[in-house]
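In this note's numbering, the protein residues as written are 1 to 158.
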């Protein structure tokens with residue numbers, strides 16, 4: 001799996017630790033860091049949209065984003081057509097994000113979650129695959145149908 005990672009300054013340390021974890025994960029073929037680094041001042045919407053566009057353009061399969069709460073990066077990523085981003089801090093939500101909602105973006109709050117739990121939940125998320133023949137597929141399509149007319153780009157059922 002190809003994964004993009006990104007954060008704002010508040011999430012930088014957690015993003016760096018998760019990047020290292022992902023690079024050593026057997027299910028991850030590549031990790032692309034879209035920022036920030038220790039010196040960058042880019043705001044979380046810029047980082048989240050950059051990662052989401054990589055998914056929409058099929059350059060990566062999924063993304064892990066981090067800000068202080070995980071909420072802002074998820075909201076920003078969801079503005080990209082075809083993207084379903086969630087903030088989750090528990091195993092049930094992480095599994096449901098993929099199995100029921102085909103979410104390609106997992107957002108964490110560095111001010112909410114510790115590193116050990118973030119690693120565990122990232123592993124859970126990587127292990128889940130959406131089944132396009134499941135009963136959830138029709139509901140995911142209903143969500144996709146809410147996209148503005150004429151904007152149909154973006155991956156489905158990752």
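By construction, the Cβ of each residue, glycine as well, lies at the ideal position given by its N, Cα and C atoms.
Its Cα nearest to that of residue 133, the residue 101 stands out among 145, 123, 101, 105. The beta-bridge partner set that DSSP reports for residue 128 is empty. With distances taken between CA atoms, residue 44 lies nearest to 15 out of 147, 122, 15.
By the beta-carbon neighbour count (other beta carbons within 10 angstroms, threshold 16), residue 47 is buried.
Here the stretch 19-36 makes no contact with the stretch 136-147; the two share fewer than three CB pairs at distances below 8 Å.
By the Cβ rule, the stretch 18-25 does not count as touching the stretch 72-84, because fewer than three pairs are nearer than 8 Å. When C-alpha distances from residue 135 are compared across 106, 99, 111, the shortest belongs to 99. Counted as a single uninterrupted DSSP element, the beta strand (DSSP E) harbouring residue 107 occupies residues 105-109.
With respect to the 8 Å criterion, residue 74 and residue 29 are not classified as neighbours on the basis of their beta carbons. Taking the C-beta atoms as reference points, residue 50 is found no nearer than 8 Å to residue 85. Here residue 9 is not bridged, per DSSP, to any residue. Contact annotation: residue 116 and residue 13 have beta-carbon atoms that are not nearer than 8 Å.
Rounded to whole angstroms, residue 118 and residue 66 show a C-alpha spacing of 10 Å.
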